[in-house]
Amino acid sequence: MKLATWNVNSLNVRLPRLLAWLAGHAPDVVCLQETKLEDARFPHRELEDAGYAAQASGQKTYNGVAILTRGERVVTDVSVGLRGFDDDQKRLIAATVDGVRVVCAYVPNGQSVDSDKYAYKLRWCEAATATLRDELARHRELAFCGDLNIAPEERDVHDPAAWEGQVLFSAPEREVFARWVALGLEDSFRLFDQPPKTFSWWDYRMLAFPKNRGLRIDHILVSRALASRCRACTIDRGERKGEKPSDHAPVIAEFA
DNA sequence: ATGGCAATGTTTCATTGA
Numbered sequence: 001m002k003l004a005t006w007n008v009n010s011l012n013v014r015l016p017r018l019l020a021w022l023a024g025h026a027p028d029v030v031c032l033q034e035t036k037l038e039d040a041r042f043p044h045r046e047l048e049d050a051g052y053a054a055q056a057s058g059q060k061t062y063n064g065v066a067i068l069t070r071g072e073r074v075v076t077d078v079s080v081g082l083r084g085f086d087d088d089q090k091r092l093i094a095a096t097v098d099g100v101r102v103v104c105a106y107v108p109n110g111q112s113v114d115s116d117k118y119a120y121k122l123r124w125c126e127a128a129t130a131t132l133r134d135e136l137a138r139h140r141e142l143a144f145c146g147d148l149n150i151a152p153e154e155r156d157v158h159d160p161a162a163w164e165g166q167v168l169f170s171a172p173e174r175e176v177f178a179r180w181v182a183l184g185l186e187d188s189f190r191l192f193d194q195p196p197k198t199f200s201w202w203d204y205r206m207l208a209f210p211k212n213r214g215l216r217i218d219h220i221l222v223s224r225a226l227a228s229r230c231r232a233c234t235i236d237r238g239e240r241k242g243e244k245p246s247d248h249a250p251v252i253a254e255f256a
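Mapping of the first sequence onto this note's numbering: residues 1 to 256, in sequence order.
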């Protein structure tokens, strides 16, 4: 099974690239973030023609998440949002796909550590921790995927000294990530030897991508049972190149 | 040096992202 996550930064704009990418990689499950589409406008037909079914939870302009599944994979127990956390922002969708619980998240950005949005991010993450604890109690095989908007370690940041204390790399955010790991989740990317300076997001500005000034903030975290089946995790940085790329690259994990 | 780019709707700018 091949499982991917990708912040597409507008599914409307990125649909041609997504369809080409699906044709090239044939992933079995794809978690999407920042679709920026109301459910009524979700491109179900185009994806069906490409061989994918979709579960979506979206809104106009901002946020929006979806889980795509290839072929006749059995999808059950679709749920939307965090338990016990009232939120108008469409940031979380989960589904069980052939027995694997897939939780797709678009964690709030947080803007800056002194902002209301940062406080919202931390509250959202705390509710996510509770939801994940529940989900892990119910499902042996679970993948928590998405734009988690946290760079967990110095090696996940192009310039850790410059980013120290900044949003995406502040101590409270890294502690959140550590709590998710403490629940029994493993960072699939770090199960394997990886090239140094591998990132998943690069700013559109300042020639950040050609200079490889990026962050690794998109992740596939897996429960221990699923980790034991994990055979690879890679970031498709080539997808950041070319015409109209998303500012995020897809992350792909493969399982036996 | 706090800019730079991209997408969206409220569109000819303001807001947000990370």
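We treat Cβ as the ideally placed atom computed from N, Cα and C, and that holds for glycine.
Fair warning: this is a prediction, and the values are worked out from it, not measured in the lab.
Going by beta carbons, residue 106 and residue 33 fall inside the 8 Å limit.
Per DSSP, the unbroken alpha helix (DSSP H) holding residue 120 starts and ends at 116 to 138.
Residue 85 places its beta carbon 8 Å or farther from that of residue 56. In the DSSP annotation of this structure, the continuous segment of the alpha helix (DSSP H) that includes residue 13 starts and ends at 11 to 25. Within the same chain, Cβ atoms closer than 8 Å to the Cβ of residue 87 are found at 81 and 124, the five residues on either side in sequence being excluded. DSSP links residue 254 through a beta bridge to 2 and 232.
Listed in chain order, the beta strand (DSSP E) runs fully inside the segment 146 to 232 are 185 to 187 and 218 to 223, counting runs of at least 3 residues. With 16 or more other CB atoms across the displayed protein chains lying within 10 angstroms of its CB, residue 173 is buried. Exclusion of the five residues before and after residue 223 leaves 136, 140, 141, 142, 184 and 185 as the residues of its chain whose Cβ lies within less than 7 Å of its Cβ. Collapsing the DSSP output to three states places residue 32 in a strand.
DSSP, reduced to helix, strand and coil, places residue 86 outside both helices and strands of the structure shown, so it counts as coil.
No residue range can be given for residue 247, since it is assigned to no beta strand (DSSP E) and is classified by DSSP as neither H nor E. Judged by DSSP secondary structure, residue 45 falls within the alpha helix (DSSP H) whose first and last residues are 44 to 49.
Secondary structure note for residue 77: its beta strand (DSSP E) is the uninterrupted segment 75 to 80. Judged by DSSP in its simplified three-state form, residue 41 adopts helix. With a beta-carbon spacing of about 7 Å, residue 100 and residue 226 fall inside the 8 Å limit used to define contacts. DSSP places residue 52 in the uninterrupted beta strand (DSSP E) bounded by 52 to 57. Within the same chain, 50 come within 8 Å of residue 23 by CB-CB distance, once the 5 residues on both sides are set aside. DSSP links residue 106 through a beta bridge to 147. Looking at the backbone, the Cα of residue 59 and that of residue 44 are separated by about 15 Å.
In the displayed model, residue 237 falls within a helix according to three-state DSSP. In the structure shown, the three-state DSSP call for residue 7 is strand.
Take the alpha-carbon of residue 238 and the one of residue 79: they are about 32 Å apart. Within the model, the alpha-carbon separation for residue 167 versus residue 110 is close to 6 Å. Spanning the alpha carbons of residue 218 and residue 134 requires a straight line of approximately 22 Å.
Within the DSSP secondary-structure output, residue 101 pairs in a beta bridge with 96 and 142. In this structure, DSSP gives residue 69 an extended state, which the three-state scheme calls strand.
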